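The structure under discussion appears below in the form of structure tokens.
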Amino acid sequence: MDNAFGEPQNIVVLGGTSEIGLAIAHHLVSPVTRSIVLACRDLAKGEQAAAALRSDTVEVSVVSFDAADTASHERVIGDIVEAHGDLDVVVLAFGQLGNGEATGADVAEAAALAHVNFTGAISASVAVANRLRKQGHGTLVVLSSVAGERVRKANFVYGATKAGLDGFAQGLGDSLEGTGARVLVVRPGFVHSAMTKGMKAAPFATTPDKVADVTVQGLRRGNRTVWAPGILRFVFSALRHVPGPIWRKLPLG
Amino acid sequence: MAVTRTSLTGWGRTNPSAAELVELFRSELPAALKEVDDRGALVRGLGRSYGDAAQNGGGLVIRLMGSATDALLDREAGTVTVSAGASLDELLRYIVPRGFFVPVTPGTRFVTIGGAIASDIHGKNHHFDGSFGKHVLRMSLQLADGSVAEIGPDRDPELFWATIGGMGLTGIVLDATIRLLRVETSRMAVDTHRLPDLDTLMDTMADGDDDAHRYSVAWIDLAAKGSQLGRSVLTRGDHARFEQLPAKHQSDPLSYGPEQLVSVPPIIPRPGLLNHVTVAAFNELWFRKAPKRKIGGIESISSFFHPLDMVGQWARFYGKPGLVQYQLVVPFGQEDAMRRIVERVSASGAASFLAVLKRFGAGNEAPLSFPQPGWTLALDMPGGAPGLGKLLHGLDDMVLEAGGRNYFAKDAHTVPETIRRGYPRLAEWQAVRRRVDPHEVWQSDLGRRLHLAGD
Ligand SMILES: Cc1cc2nc3c(=O)[nH]c(=O)nc-3n(C[C@H](O)[C@H](O)[C@H](O)COP(=O)(O)OP(=O)(O)OC[C@H]3O[C@@H](n4cnc5c(N)ncnc54)[C@H](O)[C@@H]3O)c2cc1C
Ligand SMILES: NC(=O)c1ccc[n+]([C@@H]2O[C@H](COP(=O)([O-])OP(=O)(O)OC[C@H]3O[C@@H](n4cnc5c(N)ncnc54)[C@H](OP(=O)(O)O)[C@@H]3O)[C@@H](O)[C@H]2O)c1
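So the protein lines, in turn, are chains W and A.
The first sequence runs 778 to 1030 under my numbering.
The second sequence runs 41 to 495 under my numbering.
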């Protein structure tokens, strides 16, 4: 249960090695934090991240989670609840960027990416939402992306999965209205993280820390959507209406 | 049964959760309890606790139907037997015109008898009369297994005292017999003193005069700084005797009809309406309005005990982030700690509209009862004030260090460890709870957040 300041006791990061997901966990830690669960596929990497979060009062556990293995999602979430009690904040942070236009030309790669980013995200979200609905409180944070706002050719498979996920998350949030559970959709722009390592930064590039800042603020305020940085909301409301021929030539990376 | 999933908060409107809300008569409880799932059930009164005490996310929340119309007043014994779902408001309307008063009233009359017992509430007369539980002669308690227990200080005293201050986690109080106070009039005779700073205030309150008055409480201006830190208005009062009434009231000495003036509309005031500047200005006015010294002023029951009730849903003034109450007690001898706490709150700039200081008298046998001999301070703060979380966690440490604790009925922020240090008899209470509720039917958000039932 969150306290009056929106300080959660139990935090779960799905994709527990994600730089943005971990930054959010770090920002959420307060004296009321009891447990943080990092659910990830690379357990050794998860343990490293756990060490940085652990303290006398915070129990950090690393559990095995593969977004592609949708059949396991209900069990993984169930086990976490069994071990730690109510889910206060769950951050859905996993995702793969793929290999740009090459991914869009490779049948297996494209399908695999869509499976993780879209199918896996939906499956894990539903498993979480069912729990939140039952407990009558709690928030699912979904890491969407501005890439889904208007899909670009540079990463159109990734962008399409984020467009779909974003729509799903908004609808899920609406469907949870009145149940006590909430969804917060986070739409970052270009973030300097493992995912974008070596890539040329896009305009308004930001850091995992800043995304975490905006996310925690959104959680405290009870927002449904936040953009990181905030200005992207206005940038994209303009970009959405740019005519196709111009859009295709824009230097958006 | 007609259940509707409803989002519930406490009076502070801070951390909501949704539950299946249902209104039931006592006869309907056993059947309803059979259908409770692993999210459990909880009784809710009028939701005047500030935090999440009367919430049970995902579970059942029961409003117990009942009113004061079927209350049984025993004039000779000076007791009343009343449904636990009835409010003090209704009860006062019934008993005051008949020459009786409730043994303890909080700062609002919109609490239920059940809520008064479950929080073991205290009033301005704690130094004189103790808390509510001391005046409960017996009660019937709906247990988790569907049966009803008849309990009192001499009948299963462990369960009786675990229920007093037990935050609804031992069962549902169905009705109770309460010892009342006889009064000659419905008016209060009140002395008011304006005091320049905290030390003078605590000295004045401790000098023995307090014990000559049944009621005593001080309002502190936390927006004042430096040498004015803790400037305050102390009011002490007693029920006015007949001959103290002005002639015009003597024809109807027990008339009682509190009115509610206005309700704050649900439209939220501009955010930031309550900030340090507006609060400081308000406090300045309040302080100057108070007489330097006035003896024997005559006031109505509602203006003396329940001034905030005149402004209906005043908590809405705090807008979307809600408000947070913090109430602590530190033992006598810890005046320095109290001063440091007041200094810290004042320095934080977290605007506190109302800060109330009072002397507590002896505590009672209830393991989770809040009052203990010492000084209690209650603060109202806007939930959105920056750094408030840090401030209150910091205050927790200072309070525990001083051997004190904070109040469940107001809590919305603390952690299980704080409760374990502040309430060393928690384990005793847990043992009683395990006896009467082995399957953990009674659950609340507060209970889950503070691990009240388990380790
Ligand atoms: C303006 C204001 C001033 C206040 N001043 C004071 C004060 O001076 N002193 C003080 O002590 N408190 C004060 N309070 C707090 C208030 O008195 C307590 O929180 C009280 O418990 C509220 O009663 P309620 O009926 O609204 O109960 P709720 O807030 O609905 O419930 C509180 C607890 O009581 C339990 N409960 C309710 N009914 C029953 C029942 N039938 N059987 C068993 N458990 C039950 C609930 O499960 C919950 O745990 C104040 C509150 C406000 C809003
Ligand atoms: N970085 C950006 O510019 C940016 C912008 C907008 C949105 N986002 C979104 O933000 C989220 C977090 O990204 P990030 O920047 O923190 O990048 P990151 O550090 O690379 O995090 C992505 C995480 O997803 C995990 N993951 C990938 N496939 C998985 C699978 N099948 N099962 C479980 N976990 C899997 C990765 O785990 P491994 O360590 O095992 O690979 C990695 O921890 C992603 O959803 C991303 O799409 C990022």
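Ideal Cβ positions, reconstructed from N, Cα and C, are used throughout, including at glycine.
The model shown is predicted, which means the values in this text are computed figures rather than measured ones.
The alpha-carbon of residue 149 of chain A is positioned some 7 Å away from that of residue 346 of chain A.
When only Cα atoms are considered, residue 56 of chain A and residue 997 of chain W end up about 12 Å apart. What residue 778 of chain W touches in chain A, judged by beta-carbon distance under 8 Å, is 55, 57, 92, 97, 485, 488 and 489, going in chain order. Per the DSSP secondary-structure output, residue 275 of chain A pairs in a beta bridge with A:232 and A:257.
Residue nearest to residue 1011 of chain W within the set W:966, W:793, W:798 and W:807 is W:966 (criterion: CA-CA distance).
The Cβ-Cβ distance between residue 798 of chain W and residue 871 of chain W falls below 9 Å. At least one beta carbon of chain W lies nearer than 9 Å to the beta carbon of residue 433 of chain A.
Residues of chain W whose Cβ lies closer than 8 Å to the Cβ of residue 267 of chain A do not exist, since the nearest Cβ in that chain is about 32 Å away. Interface annotation for the segment 939-959 of chain W against chain A: 955, 956, 957 and 958, criterion Cβ-Cβ distance under 9 Å. Your pair residue 245 of chain A and residue 256 of chain A checks out as a contact, with CB atoms roughly 7 Å apart and the cut at 8 Å. Scanning chain W for C-beta atoms nearer than 8 Å to the C-beta of residue 47 of chain A yields 955 and 957, reported in chain order. The contact set of residue 784 of chain W on chain A, defined by CB atoms closer than 7 Å, consists of 429 in chain order. Interface flag for residue 808 of chain W against chain A is set, since a Cβ pair is found closer than 9 Å. Residues of chain W with a Cβ closer than 7 Å to the Cβ of residue 389 of chain A do not exist; the shortest Cβ-Cβ separation is about 16 Å.
Within 10 angstroms of the beta-carbon of residue 299 of chain A lie fewer than 16 other beta-carbons, which makes it exposed. Under the 9 Å criterion on CB atoms, residue 457 of chain A is classed as interfacial with respect to chain W.
Remark: the shortest separation between the CB of residue 967 of chain W and any heavy atom of ligand 2 falls under 8 Å. Shown in chain order are the members of the segment 895-918 of chain W whose Cβ falls below 7 Å from a Cβ of chain A: 911, 912, 913 and 914. Residue pairing for residue 415 of chain A: DSSP places it in a beta bridge opposite A:370 and A:399. Going by DSSP, residue 907 of chain W is part of the alpha helix (DSSP H) stretching over 898-912. Annotation: the continuous alpha helix (DSSP H) that includes residue 995 of chain W extends over 985-998.
Taking C-beta atoms under 8 Å as the contact rule, residue 124 of chain A and residue 152 of chain A qualify, at a distance of about 6 Å.
For the 9 Å CB-CB criterion, residue 260 of chain A and residue 203 of chain A do not form a contact.
Residue range 787-791 is occupied by the beta strand (DSSP E) that includes residue 789 of chain W.
Put simply, of A:127, A:330 and A:94 the residue whose alpha carbon is nearest the alpha carbon of residue 108 of chain A is A:127. Excluding five sequence positions before and after residue 215 of chain A, the CB atoms of its chain that fall closer than 7 Å to its own CB belong to 121, 122, 123, 124, 179 and 180, given in chain order. At a cut-off of 9 Å between beta carbons, residue 423 of chain A contacts chain W. Nearest to residue 103 of chain A by C-alpha distance, out of A:64, A:76 and A:320, is A:64. The DSSP assignment places 153-158 as complete runs of the alpha helix (DSSP H) inside the segment 131-158 of chain A, in order along the chain (cut-off: 4 residues).
In the DSSP assignment, residue 386 of chain A falls within the alpha helix (DSSP H) that extends over 375-388.
Closer than 9 Å to the CB of residue 781 of chain W there is at least one CB belonging to chain A. In the structure shown, residue 51 of chain A adopts coil according to DSSP, grouped into three states. Relative to ligand 2, the nearest heavy atom lies less than 8 Å away from the CB of residue 822 of chain W. Exclusion of the five residues before and after residue 336 of chain A leaves 229 as the residues of its chain whose Cβ lies within less than 6 Å of its Cβ. Here residue 949 of chain W has 902, 906 and 960 as same chain residues with Cβ atoms under 7 Å from its own Cβ, once five neighbours each way along the sequence are excluded. Contact check for residue 932 of chain W and residue 874 of chain W: beta-carbon distance about 6 Å, within the 8 Å limit, so the pair qualifies.
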